[in-house]
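Under my numbering, residues 171 to 512 are what the sequence shown spells out, in order.
Note sheet for the following structure.
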Amino acid sequence: MYMRRCLVGLTFCICYLASYLTNKYVLSILKFTYPTLFQGWQTLIGGLLLHVSWKLGWAEINCSSRSAVLTWLPASVLFVGVIYAGSRALSRLKPSQLDRIASKPVWAIPVFLTLHNVAEVITCGHQKCFRKEKTSPAKICSALFLLAAAGCLPFNDSQFDPDGYFWAVIHLFCVGAYKILQKSQKPNALSDIDQQYLNYLFSVVLLACASHPTGDLLGVLDFPFLYFYRFHGSCCASGFLGFFLMLSTVKLKSLMAPGQCAAWIFFAKPPAQRTRRGLAGFLRAEGLLSPGRGDSRAAAGEPSPGLRSALLGRWKEESTAGETLLLPVSRRTLPGGSLGCC
């Protein structure tokens with residue numbers, strides 16, 4: 171039993187790290203900033219894989235209770251808000267220079283995670299004020315420290331973007347409300363797999379309907395790496411890794427106590443941070459990323475010309491191989507200033 175728990179925990183860490191790096195590559199390196207399509211694709215793949223697992227008997231799904239499904243619909247709406255606002259925030263938050271705190275550039279991911287953790291303040295306040303539950307002083311102090319840390323970020327961010335922080339605030343409110351609704355559900359109403367299956371179905375429908383009004387459906391036609399092999403592979407990997415991360419998270423919660431789950435989640439985050447920094451350092455050493463100081467592209471979060479030329483060279487090789495020879499010239503021409511539309 172002990173080895174089984176360790177194996178599940180290690181699987182969760184591996185899936186977390188791989189999913190983290192894949193999404194980072196698609197969103198930050200390739201600049202694919204079309205959240206309704208990217209999140210819709212991930213939820214579509216997750217829903218299909220979960221449905222196939224159910225049909226093959228590998229997962230148990232029971233959504234026959236209409237009242238339980240209708241009760242869960244508000245949480246599914248909040249789930250869509252969580253993933254959409256999170257993508258918007260990540261695409262808008264820029265690498266910033268926190269001059270008062272450190273001399274190294276701080277990337278958008280740590281800033282986003284700091285704001286994301288404020289959702290615990292919402293759940294803690296709801297338990298204390300509305301449900302009248304006993305809350306330990308240590309938990310109250312930790313929530314206040316989280317709130318203070320997030321409140322100091324805008325005042326120390328030299329690349330402050332109001333839109334990025336706006337979407338981050340929307341994201342954390344959706345996360346907090348989602349956790350509150352999840353805890354208020356009846357114990358035997360829906361399992362974690364049932365809830366995630368409904369989230370997938372509702373997200374695919376809602377994001378597909380929203381892709382045209384938001385302009386993502388037509389704007390993606392101008393994305394320069396739309397027919398790029400690595401873009402296709404990264405998108406497929408993000409969908410599969412997101413599904414396996416969801417399964418490992420559900421398994422982790424079913425086998426371990428909440429404190430142990432929190433410890434594994436905490437253990438998974440530092441390797442992701444170190445790997446991301448190591449990857450960024452390698453790209454800088456190869457001249458594929460601009461240096462952190464004195465470079466306007468680095469301040470704006472844009473890749474260096476070396477990375478654009480490397481990707482363009484690879485893209486031309488793939489075009490020569492015959493994949494994109496029949497595409498219109500306007501779709502095969504890279505814009506001079508960036509890797510994609512913002």
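Each residue gets a CB set at the ideal place from its N, CA and C atoms; glycine is no exception.
**Where the alpha helix (DSSP H) through residue 598 begins and ends** = Outside the modelled stretch of the chain, which goes from 171 to 512, sits residue 598, for which no answer is possible.
**Prompt:** Taking all protein chains shown into account, do 16 or more other C-beta atoms lie within 10 angstroms of the C-beta of residue 185, making it buried, or fewer, making it exposed?
**Reply:** Answer is buried; the Cβ neighbour count reaches 16.
**Message:** Under 8 Å, with one C-beta from each stretch per pair, do the stretch 208-218 and the stretch 338-350 reach the 3-pair mark?
**Reply:** Fewer than three beta-carbon pairs drawn from the stretch 208-218 and the stretch 338-350 are found closer than 8 Å, and the two stretches are therefore not classed as touching.
**Prompt:** Could you give the residue range of the alpha helix (DSSP H) that holds residue 182?
**Reply:** Membership of residue 182 in the alpha helix (DSSP H) is indicated by the continuous run 172-194.
**Prompt:** Do you know how far the Cα of residue 370 is from the Cα of residue 244?
**Reply:** The straight-line gap from Cα to Cα measures roughly 14 Å.
**Prompt:** Can you tell me whether DSSP reads residue 331 as helix, strand or coil?
**Reply:** Secondary structure of residue 331 (DSSP, three-state): coil.
**Asked** Roughly how many angstroms lie between the CA atoms of residue 234 and residue 324, to the nearest whole one?
**Response** Each residue's alpha carbon lies about 47 Å from the other.
**Message:** Assuming the contact rule is C-beta atoms closer than 8 Å, residue 261 and residue 197 should be a hit. Round their C-beta distance to whole Å, please.
**Reply:** Residue 261 to residue 197, Cβ: 6 Å. Contact.
**Prompt:** Taking the alpha carbon of residue 320 as the point to measure from, which residue in 335, 251 and 329 has its own alpha carbon closest?
**Reply:** When only C-alpha atoms are compared, the closest one is 335.
**Prompt:** Looking only at its own chain, which residues have a Cβ that is under 7 Å from the Cβ of residue 364, when we skip the five neighbours before and after it?
**Reply:** Closer than 7 Å at the Cβ level, and outside the excluded window around residue 364, lie 231, 232 and 233.
**Request:** Select from 422, 428 and 432 the residue whose C-alpha is nearest the C-alpha of residue 173.
**Result:** When only C-alpha atoms are compared, the closest one is 422.
**Candidates 432, 420, 428 and 416: closest to residue 189 by CA position** = When each option's Cα is compared against that of residue 189, the closest is 416.
**Item:** Simplified DSSP assignment, three categories, for residue 435
**Value:** Reduced to three states, the DSSP call for residue 435 is helix.
**Message:** Cutting at 7 Å between CB atoms, please list the residues of its own chain near residue 491, excluding the five before and the five after it.
**Reply:** Caution applies to residue 491, whose pLDDT of 44 falls short of 50 and renders its modelled position unreliable; the value that the coordinates give is listed next. There are no such residues.
**Request:** Give the DSSP-derived three-state secondary structure of residue 369 in the structure shown.
**Result:** In the structure shown, residue 369 sits in a helix (DSSP, three-state: H, G or I).
**Request:** Pull up the CB-CB distance for residue 257 and residue 209, whole angstroms please, since I reckon it's below 8 Å.
**Result:** In this structure residue 257 touches residue 209 by the C-beta definition: roughly 6 Å separates them, less than 8 Å.
**Item:** Spatial distance of residue 494 from residue 397 (CA atoms)
**Value:** Because the pLDDT at residue 494 is just 38, under 50, the model does not fix this residue reliably, and the value given afterwards should be weighed accordingly. Spanning the two alpha carbons is a distance of roughly 7 Å.
**Message:** Please classify residue 227 as buried or exposed, where buried requires at least 16 neighbouring CB atoms within 10 angstroms.
**Reply:** Result: exposed.
**Message:** Please state whether the Cβ-Cβ distance between residue 175 and residue 376 is less than 8 Å.
**Reply:** No. Outside cutoff.
**Prompt:** How would you write the range of the alpha helix (DSSP H) that residue 544 sits in, first residue to last?
**Reply:** Since the first residue of the chain shown is 171 and the last is 512, residue 544 is not available in this structure.
**Residue nearest to residue 192 in terms of C-alpha spacing, selected from 280, 402 and 339** = Cα-wise, what sits closest to residue 192 is 402.
**Counted within 10 angstroms of its Cβ, other Cβ atoms place residue 379 as buried (16 or more) or exposed** = With fewer than 16 other Cβ atoms inside 10 Å of its own Cβ, residue 379 counts as exposed.
**Asked** At least one CB of chain B closer than 8 Å to the CB of residue 407: is that the case?
**Response** The chain inventory of the structure shown lacks chain B, comprising one protein chain alone.
**Asked** Looking only at C-alpha atoms, which of 393, 366 and 385 sits nearest to residue 224?
**Response** Of 393, 366 and 385, the residue nearest in Cα terms is 366.
**Message:** Just to confirm, is the Cβ distance from residue 418 to residue 249 under 8 Å?
**Reply:** No. Outside cutoff.
**Message:** Less than 8 Å between the beta carbons of residue 368 and residue 246, yes or no?
**Reply:** Taking 8 Å as the Cβ cut-off, residue 368 and residue 246 qualify as a contacting pair.
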